[in-house]
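**Q**
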Amino acid sequence: MARLDALTGNECAAQAARLCRVDTVVGYPITPQSSVVESIAAMVANGKMSSKFITPESEHSVMSILKGAGMMGERVFTATSGQGLAYMYEPYFSMSTARIPMVMALATREMISPVTVWSGMQDAHSVRDAGWIHLYAADNQEILDSIIQGYLIAEHPDVIIPVHVCYDGFYLSHQTAEVVVPDQEAVDAFLPPCALTQMLDVNDPAMVDSNTPGDLMMEYREDHLASMRRALDVVAEVDAAFAAGFGRSHAGLLETYRVDDAEEIVVTIGAMSGTAKDAVDAARAKGRSVGLIRVRCLRPFPAKALGALLAGRKAVGVVDRSVSFGWSAGIVYQETLAALGLAGIAVPTLSAIGGLGGADIREEHLARVLDLIHDCALAGRSRQDAVWMNHELLSAQRR
Amino acid sequence: MTVVEFLAQAEDLVSPGLSACQGCAAELALRTAMKVIGPKSVVGIPPGCVAGFGAPGWGLKTGMKVPVCMPLLGNSASLMSGIKQAYAAKDPEVRVVAFAGDGATVDAGFQCLSAAAERRENIIYICYDNEGYMNTGFQKSGTTPHGAHMSTTPSGSCSQGNAAFKKDLPLMLAMQDAAYVATLSVSHIPDFVDKLKKACEVTDGLSYLHILSPCPTGWGTTPELSIEYARKAVETLYFPLYEYSRGTFTISKPTLRAAAKAKPVSEFLAGQRRFRHLCEADALALQEHVDRKWGILSRLAG
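Just so you know, the sequences run in chain order A and B.
Following this note's numbering, the residues of the first sequence are numbered contiguously, the last one being 403.
Following this note's numbering, the residues of the second sequence are numbered contiguously, the last one being 545.
#1: Quick one: Cα of residue 246(A) to Cα of residue 312(A), how far?
#2: Can you grab the Cα-Cα spacing for the pair residue 376(B) / residue 27(A), in whole Å?
#3: Is the CB-CB distance between residue 296(A) and residue 326(A) below 8 Å?
#4: To which residues of the same chain is residue 297(B) closer than 7 Å at the C-beta, ignoring the five residues directly before and after it?
#5: Which value, in whole angstroms, describes the spacing of the CA atoms of residue 404(A) and residue 224(A)?
#6: State the beta-bridge partners of residue 371(B) as determined by DSSP.
#7: Does DSSP put residue 276(A) in a helix, a strand or coil?
#8: Helix, strand or coil, according to DSSP, for residue 382(B) in the structure here?
#9: Is it the case that the Cβ atoms of residue 362(A) and residue 174(A) are separated by a distance below 8 Å?
#10: Compute the distance between the beta-carbons of residue 391(A) and residue 343(A), then report whether it is under 8 Å.
#11: Please confirm if residue 88(A) has its CB atom under 8 Å from at least one CB of chain B.
#12: Under 7 Å between beta-carbons, which chain B residues line up against residue 216(A)? List them in chain order, please.
#13: Residue 479(B): which of 464(B), 509(B), 255(B) and 317(B) sits nearest, CA to CA?
#14: Under 9 Å between beta-carbons, which chain A residues line up against residue 401(B)? List them in chain order, please.
#15: For residue 31(A), count the other beta carbons within 10 Å of its own beta carbon; 16 or more makes it buried, fewer makes it exposed. Which is it?
#16: Can you pull the chain A residues whose beta carbon is under 8 Å from the beta carbon of residue 283(B), in chain order?
#17: For residue 392(A), write down the residues that DSSP places opposite it in a beta bridge.
#18: Return the chain-ordered list of same chain residues with a C-beta closer than 8 Å to the C-beta of residue 115(A), the five sequence neighbours on each side being excluded.
#19: In whole angstroms, what separates the C-alpha of residue 354(B) from that of residue 343(B)?
#20: Using CA coordinates, which residue listed in 247(B), 513(B), 276(B) and 449(B) is at the minimum distance from residue 391(B)?
#21: Could one say the Cβ of residue 295(A) lies closer than 8 Å to chain B's Cβ atoms, at least one of them?
#22: Mind checking the segment 60-74 of chain A against chain B and listing, in chain order, the residues whose C-beta falls within less than 7 Å of any C-beta there?
#23: Whether or not the segment 220-236 of chain A and the segment 284-291 of chain A are in contact is what I'm after, with contact meaning three or more pairs of Cβ atoms, one per stretch, closer than 8 Å; do they touch?
#24: Could you tell me whether the segment 53-61 of chain A touches the segment 179-188 of chain A, using the rule of 3 or more Cβ pairs below 8 Å?
#25: Looking at C-beta atoms only, is the number of pairs between the segment 69-81 of chain A and the segment 310-325 of chain B that lie closer than 8 Å three or more?
#26: Flag residue 238(A) as yes if its beta-carbon sits less than 8 Å from any beta-carbon of chain B, otherwise no.
#27: How far does the alpha helix (DSSP H) with residue 301(A) in it extend, from its first residue to its last?
#28: Only counting runs of 4 or more residues, tell me where the alpha helix (DSSP H) segments fall wholly within the segment 292-350 of chain A, in order along the chain.
#29: Could you say which of 18(A), 348(A) and 101(A) lies nearest to residue 222(A) if we only look at CA atoms?
#30: Just checking: is the beta-carbon of residue 309(B) within a distance shorter than 8 Å of some beta-carbon in chain A?
#31: Which residues in the same chain as residue 353(A) place their Cβ atom closer than 8 Å to its Cβ, once the five residues preceding and following it in sequence are excluded?
#32: Checking contacts by CB at 8 Å: is residue 213(A) closer than that to chain B?
#33: On a Cα-Cα basis, can you pick out the residue from 375(A), 159(A) and 69(A) that is closest to residue 201(A)?
#34: What are the boundary residues of the beta strand (DSSP E) that residue 322(B) is part of?
#35: Determine, using beta-carbon pairs with one atom in the segment 350-364 of chain B and one in the segment 489-509 of chain B, whether at least three such pairs fall under 8 Å.
#36: Closer than 7 Å by C-beta to residue 238(A): which residues in its own chain qualify, once you throw out the five before and the five after it? Chain order, please.
Below, the structure written as structure tokens:
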């Protein structure tokens, strides 16, 4: 029987790795994910999980050992955050481009400098073009479920691309919430045993990662992009299959909330989405016609689906926990602009930036963003510069 | 069977026709090492000369007759650990080998190599030390000797070449109590083969083999003299041959013979373009460094 429990986001990630029967976990501590690998180490030490657990000297080695095990056809797992992700960037990129499927939990974190260990999505968003599939969870249940879904997506023969499941550091990684932990039999029925290719076999010698001329490299990248495109369908299909098996859906690629008749839309990502739904409800109560779209899958980006959802609206605002240096905007905002452009939709937009380095995104911040989206709709013009949510709230309060 | 007979009959597991420079000692070291290690092995060759001359392959063609991959510059020991740990469950007899240059070993790859030794990963890590980043144009590495003229430590009116001294990785790994550590030279093949065989027998930790690999292109010597320079490095105690295992240092026979009447380091330096600017004081500094290192080693070997 599935079990109701109270778990932190990090414990959810660890439980998911156990349920997915991963062969190897490689762990290195970094705030705010450390308790993921600690939980796994404890389960292995107490015989509750049969994975190998390896403790190297850096995240660079974490991903390198995982790549070695992955080339041998193992199902592997780790977790990281912020500087750890940055440090592992080199093998991280080669994991996806060598087409070794795995799942990594990413408790997202702001990037240094100046020094911070707190929440933000700059780490994950900065690697959106490194070939991985990016899923973003909005609550602890979704962390657990997305990791289970993640292996099915990553190992799908039409995909064969690693997945990371991102979740707001501290807000989800450390907060306890009610979670349904599925039983092993149900997960086994959903996720078949690992059957990945053993690339390095003494009985069938081959090379992996040889020096590669450009025309062949073009073929590899074209195939990777085609698989990414197919992953759009697979992510949605796997979530639907999960819903059929477990009675819970996480909305596939994009979650919508009160969008059907909405003239104005706020686009969110991650844990802020729950608070944003409250802000939407409050605005609705005041007679505002507003709805919410949460981006669950940032890579591959569901541009077509998002464009279709945004057609016919009067204004669109996007809230980011990251910045795009060189643009006065956040990163999900840019993605949204690209989707609008592709769909040929001209609509007033704004980029709101908040929650950097652990700054809170409270309902009042989001209420102010909804007001500013409404201003855009009334003016019929996009806002050129980003809304800095902390400043904006203070100046609104002063007025 | 003599060593010569053994090498004559053993299968060459490296493809013919690779594009190494003439006189490359690293190619000889790879072919010889693989004859001992044998076909039940997986090899990782990170960026460097051996990767550059095509051992891990080009495009869709492989350069080896065993499974081979190209790690990143700084992750060979970690990547091969992951492979070995996965293979251990399927077939513990499969040998997992890193064949890496000095840059990938003592510089970028040192951190993870040290950690793999600490975790007692059962891999064979072979460093072919040609004393610089020779594949990318002869830049200084952590094993470049003092005084060497390299493209990033050029001699000039304000410089006498490399100001640093060669980093001693085998000694560092011995101090970490790696399961087996040895230094090897292509000039002393029976000793070379013997040490590889011992590395292959280790089942409870990491074997680290450090091979001095003369590089005619980078050192500025003629290709036919590579073995000769390797021999001079041994005879001058510039590169002592020894083993470390389970708390014991053993000086190898060629070095014991050389130590009895060690030749001056200047005999090793002579004729190499990278040293031709050296003044007497520089040569003396190198001699003193060699003497000091040999003093440490001979005391350790007691």
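Glycine included, every Cβ here is placed at the ideal spot set by N, Cα and C.
**A** Concretely, from the data shown:
#1: Translated into the one-based positions of the first sequence, residue 246(A) becomes position 242. Translated into the one-based positions of the first sequence, residue 312(A) becomes position 308. Roughly 25 Å between the two C-alpha positions.
#2: Residue mapping note: residue 376(B) aligns to position 133 of the second sequence, counting from 1. Residue mapping note: residue 27(A) aligns to position 23 of the first sequence, counting from 1. Separation of residue 376(B) and residue 27(A) (C-alpha to C-alpha, rounded to the nearest whole angstrom) is 37 Å.
#3: As a position in the first sequence, residue 296(A) is number 292, starting the count at 1. As a position in the first sequence, residue 326(A) is number 322, starting the count at 1. Contact flag unset, no.
#4: Here the question's residue 297(B) lines up with position 54 in the second sequence. Same-chain partners within the cutoff: 261, 262 and 306.
#5: No statement about residue 404(A) is possible, as the shown extent of chain A runs from 5 to 403 and does not include it.
#6: Position 128 of the second sequence, counted from the first residue, corresponds to residue 371(B). According to DSSP, which records beta bridges pairwise, residue 371(B) is partnered with 344(B) and 454(B).
#7: In the first sequence, residue 276(A) corresponds to position 272, counting from 1. DSSP places residue 276(A) in helix when its eight states are reduced to three.
#8: In the second sequence, the residue the question calls residue 382(B) occupies position 139. The answer is strand: DSSP assigns residue 382(B) an E or B state.
#9: As a first step, residue 362(A) must be located in the first sequence, where it is residue number 358. As a first step, residue 174(A) must be located in the first sequence, where it is residue number 170. With a cutoff of 8 Å on beta-carbon distance, residue 362(A) and residue 174(A) are scored as near each other.
#10: Translated into the one-based positions of the first sequence, residue 391(A) becomes position 387. Translated into the one-based positions of the first sequence, residue 343(A) becomes position 339. Cβ atoms of residue 391(A) and residue 343(A): not closer than 8 Å.
#11: The residue labelled residue 88(A) in the question sits at position 84 within the first sequence. So, not an interface residue.
#12: Numbered from its first residue, the first sequence carries residue 216(A) at position 212. Under the 7 Å cutoff, chain B gives 302.
#13: Here residue 479(B) refers to the residue found at position 236 when the second sequence is read from its first residue. Minimum Cα distance to residue 479(B) is reached at 509(B).
#14: Within the second sequence, the letter at position 158 stands for residue 401(B). Ordered by position in chain A, no residue passes the 9 Å Cβ test against residue 401(B), which lies about 35 Å from the chain.
#15: Here residue 31(A) refers to the residue found at position 27 of the first sequence. Classification of residue 31(A): buried, given that the 10 Å Cβ count is 16 or more.
#16: Start at 1 with the first residue of the second sequence, and residue 283(B) comes out as number 40. For a Cβ distance threshold of 8 Å, residue set 206 of chain A lies close to residue 283(B), ordered along the chain.
#17: Walking along the first sequence from the start, residue 392(A) turns up at place 388. The partner list for residue 392(A) (beta bridge, DSSP) reads 357(A).
#18: In the first sequence, residue 115(A) corresponds to position 111, counting from 1. Closer than 8 Å at Cβ, skipping near neighbours: 86, 87, 90, 124, 126, 127 and 130.
#19: Within the second sequence, numbered from 1, the residue matching residue 354(B) stands at position 111. Within the second sequence, numbered from 1, the residue matching residue 343(B) stands at position 100. Their Cα atoms are separated by approximately 14 Å.
#20: Along the second sequence, one-based indexing puts residue 391(B) at 148. With distances taken between Cα atoms, residue 391(B) lies closest to 513(B).
#21: In the first sequence, counting from the first residue as 1, residue 295(A) sits at position 291. For residue 295(A), the answer is no, since every Cβ of chain B falls outside 8 Å of its Cβ.
#22: 60, 61, 62, 64, 65, 68, 69, 70, 71, 72 and 73
#23: no
#24: no
#25: yes
#26: Here residue 238(A) refers to the residue found at position 234 of the first sequence. No, because no Cβ of chain B sits closer than 8 Å to the Cβ of residue 238(A).
#27: As a first step, residue 301(A) is located in the first sequence; it is residue number 297 there, counting from the start. It is not in any alpha helix (DSSP H) - residue 301(A) instead sits in the beta strand (DSSP E) that spans 301-303.
#28: 307-314 and 335-347
#29: In the first sequence, the residue the question calls residue 222(A) occupies position 218. Of the candidates 18(A), 348(A) and 101(A), the one whose C-alpha sits nearest the C-alpha of residue 222(A) is 101(A).
#30: Residue mapping note: residue 309(B) aligns to position 66 of the second sequence, counting from 1. Interface residue, yes.
#31: As a working mapping, residue 353(A) is identified with position 349 in the first sequence. Hits under 8 Å: 319, 320, 321, 322, 337, 340, 341, 344, 380, 386 and 387.
#32: Here residue 213(A) is taken as the residue at index 209 of the first sequence, counted from 1. So, interface residue.
#33: Indexing the first sequence from 1 puts residue 201(A) at position 197. Closest by alpha carbon: 159(A).
#34: Here residue 322(B) refers to the residue found at position 79 when the second sequence is read from its first residue. That residue, residue 322(B), is in no beta strand (DSSP E); its alpha helix (DSSP H) goes 319-333.
#35: When C-beta atoms of the segment 350-364 of chain B are compared with those of the segment 489-509 of chain B, fewer than three pairs fall below 8 Å, so the two segments do not count as touching.
#36: In the first sequence, the residue the question calls residue 238(A) occupies position 234. Only 157, 160, 162 and 163 meet the Cβ criterion.
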